[in-house]
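Undergrad: Supplied in structure tokens, the structure appears directly below.
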Amino acid sequence: MVYVSKIELRGFKSFGNKKTVLPLSPGLTAIVGPNGCGKSNVIEAFSFVLGQLSAKTMRAEKFSDLIFNGGNGGRAAPFAEVSLYLDNSRGELPVDAKTVKISRRVSRNGKCAYWINNKRVPRQRVIELLGGIISSAGGYNFIMQGDVDRFIKMSSLERRRIVDDMAGVAEFDEKKEKAISELEKVESHLQTMKAALGEIERQMESLRSQRDDAIRFKELKKQLEEARASLLFTRRDSHRRKISKLQEKLDRENELLGGLREKREKLEADREKLEKEEEKLTKFIEKEGSSGLTTVQKLSERLHTLRETLILTRERYMSLEERAKDLGERIKKISEELERRGDLRALTELSSEFSRLRRSFDELAKRFEEEKSPLAIKEILSELRGVLSRMHSIIDEVNIQLKKVLFEEMKPPREKIENKIEELRELRAEHRVLVKQQRELEEMINEFERKIKETRKSLEVAKMSEKETKKSIRDARKKRQKLQVKLSQVKNRILQISDKIDGVKDRLESYRVEKAGLEAELKMLESEWEKLKNKAPEKPMTNVYNLERRIRKIESELEALEPVNMKAPQEYEMTKRRYNSERERYDKLVSEKQALMDFMEEIERKKTEVFMETFDKISKNFTKIFETLSPGGTAELVLENPNAPLEGGLEIEARPAGKRVLRADAMSGGEKALTAVAFIFALQRVKPATIYVMDEIDAHLDPQNLKRVAKMLKESSKKSQTIVATLRDPVMSAADRLFGVNMDKNGESHIVSVELTGTK
Ligand code: ATP
Ligand code: MG
139 MVYVSKIELR
149 GFKSFGNKKT
159 VLPLSPGLTA
169 IVGPNGCGKS
179 NVIEAFSFVL
189 GQLSAKTMRA
199 EKFSDLIFNG
209 GNGGRAAPFA
219 EVSLYLDNSR
229 GELPVDAKTV
239 KISRRVSRNG
249 KCAYWINNKR
259 VPRQRVIELL
269 GGIISSAGGY
279 NFIMQGDVDR
289 FIKMSSLERR
299 RIVDDMAGVA
309 EFDEKKEKAI
319 SELEKVESHL
329 QTMKAALGEI
339 ERQMESLRSQ
349 RDDAIRFKEL
359 KKQLEEARAS
369 LLFTRRDSHR
379 RKISKLQEKL
389 DRENELLGGL
399 REKREKLEAD
409 REKLEKEEEK
419 LTKFIEKEGS
429 SGLTTVQKLS
439 ERLHTLRETL
449 ILTRERYMSL
459 EERAKDLGER
469 IKKISEELER
479 RGDLRALTEL
489 SSEFSRLRRS
499 FDELAKRFEE
509 EKSPLAIKEI
519 LSELRGVLSR
529 MHSIIDEVNI
539 QLKKVLFEEM
549 KPPREKIENK
559 IEELRELRAE
569 HRVLVKQQRE
579 LEEMINEFER
589 KIKETRKSLE
599 VAKMSEKETK
609 KSIRDARKKR
619 QKLQVKLSQV
629 KNRILQISDK
639 IDGVKDRLES
649 YRVEKAGLEA
659 ELKMLESEWE
669 KLKNKAPEKP
679 MTNVYNLERR
689 IRKIESELEA
699 LEPVNMKAPQ
709 EYEMTKRRYN
719 SERERYDKLV
729 SEKQALMDFM
739 EEIERKKTEV
749 FMETFDKISK
759 NFTKIFETLS
769 PGGTAELVLE
779 NPNAPLEGGL
789 EIEARPAGKR
799 VLRADAMSGG
809 EKALTAVAFI
819 FALQRVKPAT
829 IYVMDEIDAH
839 LDPQNLKRVA
849 KMLKESSKKS
859 QTIVATLRDP
869 VMSAADRLFG
879 VNMDKNGESH
889 IVSVELTGTK
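So the sequence shown is numbered by my numbering: it starts at 139 and just counts up by one.
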């Protein structure tokens with residue numbers, strides 16, 4: 139077992155600059171000496187070297203106050219240093235040395251340094267090295283002077299914590315803390331994941347409805363395609379039927395048209411024939427009418443010309459005759475005059491003839507008024523002209539005769555005669571010419587008369603033929619009229635048939651147009667059908683009205699659904715998968731959390747268990763020790779919260795002999811010391827410390843109690859090396875080794891070793 143084999147002090151408090159060595163051994167060591175000699179300083183040296191962090195615990199303001207101040211005028215130490223030698227011959231300390239030397243030095247500047255086997259180390263290294271073996275300074279195995287009732291004064295919770303330490307609860311707490319920090323991590327992770335899950339859930343929720351929409355949309359699209367295909371199917375069939383019906387109608391109408399055309403052609407032929415006949419008749423009528431009339435007219439005109447010419451010729455003849463006659467008469471007169479100088483007889487004759495002409499003129503004038511026939515009128519006029527002309531010539535003759543008579547009377551007779559003879563000669567020559575001309579005219583007249591006769595005959599014939607022609611024209615006209623009636627009937631018929639044909643054509647055209655339209659539509663329907671036929675249901679609906687209504691309904695439903703996220707089903711599945719994996723992680727984390735909580739509970743349970751185990755032991759020991767130390771009295775450790783011991787404190791209830799139960803703070807100094815010592819021993823019995831360092835724990839004890847405590851100290855020091863500072867004999871007597879301390883007049887403490895081992 140490890141034990142302190144030596145402690146060296148140098149410049150520590152009242153111990154001067156020279157090294158002070160206390161060789162130690164297991165068992166009970168007592169440090170003795172008068173008041174103020176420096177016992178407590180030795181005790182504090184243990185505390186110092188083991189890493190005490192509170193200068194005040196060592197009754198110093200600051201660490202540098204721990205350095206020897208020179209005492210009463212001596213030289214102050216440059217530093218204070220304490221070394222503790224531990225026997226490690228059994229190798230309990232993890233240092234490869236039989237002896238482990240722990241050193242601590244404080245310099246004037248108050249800075250501390252540690253060494254393990256003269257090797258500079260940080261304080262922590264010292265604590266770690268000794269922690270398991272020697273409780274650190276300030277633990278329950280270190281009791282400074284006047285501090286024995288610390289266990290009485292301390293709070294119940296502090297007291298319970300001592301048990302915690304003994305039981306090693308800290309280990310559990312550490313585990314628990316780790317678990318808690320783990321749990322916190324898990325918890326925060328869980329929160330993050332929960333938020334993420336919530337977000338994904340919301341996404342999923344939205345995607346689910348989007349997915350439902352997309353599925354519905356797809357279904358509706360399919361239905362729409364089916365309905366459209368069905369409609370197309372139905373329409374296509376109906377178009378086909380309509381087209382074939384129209385074709386039948388077209389065939390019928392074409393047949394009808396053919397018949398009508400044939401009929402019209404026949405009628406046209408009839409009409410042509412009739413028209414030709416009519417034309418022939420018209421030509422005949424025109425030709426005959428005009429030619430017939432022309433012949434008669436020509437002949438009439440010729441006859442008229444001939445007559446005129448005859449008349450003129452006759453007039454001329456007559457005038458020639460007159461002239462001749464006149465000439466003859468003149469010749470006669472001149473002859474007579476020549477013979478007998480003049481004669482009034484001629485005038486008388488002229489007068490009678492004039493009267494005669496006058497009568498015939500009146501007659502002709504009367505006839506002219508009455509006559510109607512143009513030919514007769516012409517003849518009358520011609521005769522009148524002849525009469526008038528004769529009348530004029532008579533007047534001229536009369537004038538001549540009168541002049542002659544008058545002339546004859548004025549002219550000298552001689553000249554007259556010669557002239558007359560000459561004149562007579564001329565007249566006779568003229569007369570001969572005239573006669574000759576007269577004869578020629580006579581011949582001409584005869585010729586004319588013959589021609590007139592001829593012409594008359596021809597005219598007769600012409601008139602006859604004209605009559606005949608007129609009859610035949612009349613007949614022809616009648617015939618033509620009949621023909622025309624017939625023709626107009628035929629034409630009417632043709633018109634009627636043409637109208638009918640036009641009607642048929644119109645119908646044909648409208649059928650064709652309708653058919654072409656339907657065929658074009660059918661073509662479109664067929665091509666659409668090609669596209670959609672595989673979408674058509676096996677037994678398509680054929681009611682167009684219902685289909686259209688259905689399509690409209692689907693379309694409006696589709697429209698209401700839009701806009702549709704068609705990727706929603708995949709997105710939903712993806713999100714769902716993500717959710718599931720996240721959920722899995724989350725659940726895993728939850729179970730991790732649960733495991734941690736279970737673990738913590740388990741820790742807590744174990745902790746309590748361990749605590750209770752330790753507590754029970756301590757408690758039992760305590761009661762037993764107390765009863766030993768204070769015969770007749772009793773004491774116990776009471777948990778403030780037995781149900782959750784680690785949540786409450788630990789009370790000490792003591793009942794010294796003959797007294798009521800006392801609360802710790804109600805006890806006397808001695809009672810407190812006794813109880814505290816009993817508590818320390820109880821602890822020690824459960825888990826003995828390597829070393830106990832105690833400063834005057836016996837101060838308030840009465841001799842009886844002191845004896846029992848000294849005995850117990852002796853007993854306990856067998857298990858744990860115990861170093862006590864004391865002024866009391868029973869304790870000194872119980873000690874295995876005594877060190878006397880004294881202080882010289884310079885205020886420097888010195889050790890006086892008094893080895894007592896084996897003496898008692
Ligand atoms: P008691 O029996 O009364 O408890 P003691 O033996 O325990 O006395 P200590 O308390 O150890 O005596 O010694 C106290 C003495 O140590 C005082 O006289 C004091 O002057 C002295 N002392 C304390 N610190 C120093 C220091 N830094 N330098 C020199 N002397 C010091
Ligand atoms: Mg003292």
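For glycine and all other residues, C-beta sits at the position ideal for the given N, C-alpha and C.
What is the rounded straight-line gap between the Cα of K731 and the Cα of A305?
TA: On the sequence shown, position 593 is the one that residue 731 refers to. On the sequence shown, position 167 is the one that residue 305 refers to. C-alpha separation (whole angstroms): 27 Å.
Undergrad: Go through its chain and collect everything with a Cβ distance to R354's Cβ below 7 Å, but skip five positions before and after it.
TA: Position 216 of the sequence shown, counting from 1, holds the residue named residue 354. These residues qualify, in order along the chain: L699.
Undergrad: Are at least three pairs of beta-carbons, each pair with one atom in the segment 840-854 and one in the segment 753-772, less than 8 Å apart?
TA: yes
Undergrad: So what does C250 bridge to, in DSSP terms?
TA: Numbered from 1 along the sequence shown, position 112 holds the residue referred to as residue 250. Note: C250 sits in a beta bridge opposite V244.
Undergrad: Looking at the structure shown, is Y455 part of a helix, part of a strand, or coil, going by DSSP?
TA: Taking the first residue of the sequence shown as position 1, residue 455 is located at position 317. Three-state DSSP puts Y455 in a helix.
Undergrad: Quick check on the DSSP output: what are the complete alpha helix (DSSP H) runs of length 4 or more inside the segment 590-674, in order along the chain?
TA: none
Undergrad: Assuming Q539 and E459 are in contact, meaning their beta carbons sit under 8 Å apart, how far apart are those beta carbons, in whole angstroms?
TA: The count along the sequence shown starts at 1 and reaches residue 539 at position 401. The count along the sequence shown starts at 1 and reaches residue 459 at position 321. So it is not a contact: roughly 18 Å between Cβ atoms.
Undergrad: Here's a check: name, in chain order, each residue in its chain whose Cβ is nearer than 7 Å to the Cβ of H530, leaving out the five neighbours to either side.
TA: Taking the first residue of the sequence shown as 1, we reach residue 530 at position 392. For H530, where only same-chain residues beyond five positions count, there are no Cβ hits under 7 Å.
Undergrad: When we look at the beta-carbon of S520 and count the other beta-carbons within 10 Å, is it buried (16 or more) or exposed?
TA: Here residue 520 refers to the residue found at position 382 when the sequence shown is read from its first residue. Buried.
Undergrad: Taking the alpha carbon of R594 as the reference point, which residue from T433, K620 and V307 has its own alpha carbon closest?
TA: Within the sequence shown, numbered from 1, the residue matching residue 594 stands at position 456. For R594, the nearest C-alpha among the options comes from T433.
Undergrad: Between which two residues does the beta strand (DSSP E) harbouring M983 extend?
TA: Limits of the chain in this structure are 139 at one end and 898 at the other, which puts residue 983 out of reach.
Undergrad: Just tell me which of L876, E834 and E742 has its CA closest to the CA of E312.
TA: Start at 1 with the first residue of the sequence shown, and residue 312 comes out as number 174. Out of L876, E834 and E742, E742 has the C-alpha closest to the C-alpha of E312.
Undergrad: Under 8 Å by Cβ, that's how I've got Q361 and A706 pegged, so tell me the actual separation to the nearest angstrom.
TA: Mapped onto the sequence shown, residue 361 falls at position 223. Mapped onto the sequence shown, residue 706 falls at position 568. The pair is not a contact, with the Cβ atoms about 19 Å apart (cut-off 8 Å).
Undergrad: How long is the line joining the alpha carbons of S294 and V301, rounded to whole angstroms?
TA: Mapped onto the sequence shown, residue 294 falls at position 156. Mapped onto the sequence shown, residue 301 falls at position 163. Their backbone Cα atoms lie some 11 Å apart in a straight line.
Undergrad: Which parts of the segment 814-850 are runs of the beta strand (DSSP E), unbroken and 3 residues or longer, counting only runs that do not cross its ends?
TA: Look at the segment 814-850 and you find these whole runs of beta strand (DSSP E), each 3 residues long or longer: 829-833.
Undergrad: Tell me whether G209 counts as near the ligand ATP, meaning its Cβ is closer than 7 Å to at least one heavy atom of that ligand.
TA: The residue labelled residue 209 in the question sits at position 71 within the sequence shown. The nearest non-hydrogen atom of the ligand ATP is less than 7 Å from the C-beta of G209.
Undergrad: So I205 is in the alpha helix (DSSP H); what residue range does that whole segment cover?
TA: As a working mapping, residue 205 is identified with position 67 in the sequence shown. Secondary structure note for I205: it is in no alpha helix (DSSP H), with a DSSP letter that is neither H nor E.
Undergrad: Please state if the CB of E219 and the CB of R243 are separated by a distance shorter than 8 Å.
TA: Locating residue 243 in the sequence shown gives position 105, counting from the first residue. Locating residue 219 in the sequence shown gives position 81, counting from the first residue. The answer is yes: Cβ separation under 8 Å.
Undergrad: Under a Cβ-count criterion, where at least 16 other Cβ atoms within 10 Å of its own Cβ denotes burial, should T794 be classed as buried or exposed?
TA: Start at 1 with the first residue of the sequence shown, and residue 794 comes out as number 656. First, the residue type needs correcting, since residue 794 is Pro and not Thr in the sequence shown. Burial call: buried.
Undergrad: Given this structure, state the Cα-to-Cα distance separating I265 from I254, to the nearest angstrom.
TA: On the sequence shown, residue 265 is found 127 positions in, with the first residue counted as 1. On the sequence shown, residue 254 is found 116 positions in, with the first residue counted as 1. Going from the Cα of I265 to the Cα of I254 covers about 11 Å.
Undergrad: Go ahead and label V599 buried or exposed: buried means 16 or more other beta carbons lie within 10 angstroms of its beta carbon, across all protein chains shown.
TA: Sequence index remark: in the sequence shown, residue 599 carries index 461 (1-based). Burial check for V599: the Cβ neighbour count within 10 Å stays below 16, so the residue is exposed.
Undergrad: On the three-state DSSP scale, how would you describe F217?
TA: If you number the sequence shown from 1, residue 217 lands on position 79. Strand, per DSSP.
Undergrad: Please classify T420: does DSSP put it in a helix, a strand, or coil?
TA: Position 282 of the sequence shown, counting from 1, holds the residue named residue 420. The answer is helix: DSSP assigns T420 an H, G or I state.
Undergrad: Roughly how many angstroms separate the alpha carbons of M282 and Q262, rounded to a whole number?
TA: Stepping through the sequence shown from its first residue, residue 282 is reached at position 144. Stepping through the sequence shown from its first residue, residue 262 is reached at position 124. Distance between the alpha carbons of M282 and Q262 is about 23 Å.
Undergrad: On a Cα-Cα basis, can you pick out the residue from S887, R618, G174 and K762 that is closest to K421?
TA: Looking up residue 421 in the sequence shown gives position 283. It is R618 whose Cα lies nearest to the Cα of K421.
Undergrad: Using a threshold of 7 Å, is the CB atom of L224 nearer than that to any non-hydrogen atom of the ligand ATP?
TA: Here the question's residue 224 lines up with position 86 in the sequence shown. No; taking the cut-off as 7 Å, the Cβ of L224 has no heavy atom of the ligand ATP nearer than that.
Undergrad: Does DSSP classify K797 as helix, strand or coil?
TA: Position 659 of the sequence shown holds residue 797. Coil.
Undergrad: Taking only the alpha-carbon atoms, compute the straight-line gap between I532 and F492 and give it to the nearest angstrom.
TA: Stepping through the sequence shown from its first residue, residue 532 is reached at position 394. Stepping through the sequence shown from its first residue, residue 492 is reached at position 354. So the alpha carbons of these two residues sit roughly 7 Å apart.
Undergrad: I'd like the ranges of any alpha helix (DSSP H) spanning at least 4 consecutive residues and lying wholly in the segment 279-333.
TA: 288-291 and 294-305
Undergrad: With distances taken from CA atoms, which of P780, A367, T158 and D408 is nearest I632?
TA: Along the sequence shown, read from residue 1 onward, the residue named residue 632 stands at position 494. Of the candidates P780, A367, T158 and D408, the one whose C-alpha sits nearest the C-alpha of I632 is D408.
Undergrad: What three-state label does DSSP hand G480 in the structure shown?
TA: Along the sequence shown, one-based indexing puts residue 480 at 342. Confidence at G480 is low in this model, with a pLDDT of 47, below 50, so its placement is unreliable and the value that follows should be read with caution. Coil.
Undergrad: Only counting the same chain, and skipping five residues up and downstream in sequence, which positions put a Cβ closer than 7 Å to that of E808?
TA: Within the sequence shown, the letter at position 670 stands for residue 808. The sequence as given places Gly at residue 808; Glu does not occur at that position. Hits under 7 Å: H838, L839, D840 and N843.
Undergrad: Which of the three DSSP states is assigned to L191 in this structure?
TA: By 1-based counting over the sequence shown, the position of residue 191 is 53. It is coil, neither helix nor strand.
Undergrad: Given E199, which residues of its chain have a CB within under 6 Å of its CB, disregarding the five upstream and five downstream residues?
TA: Counting from one through the sequence shown, the residue named residue 199 turns up at place 61. Around E199: no qualifying Cβ.
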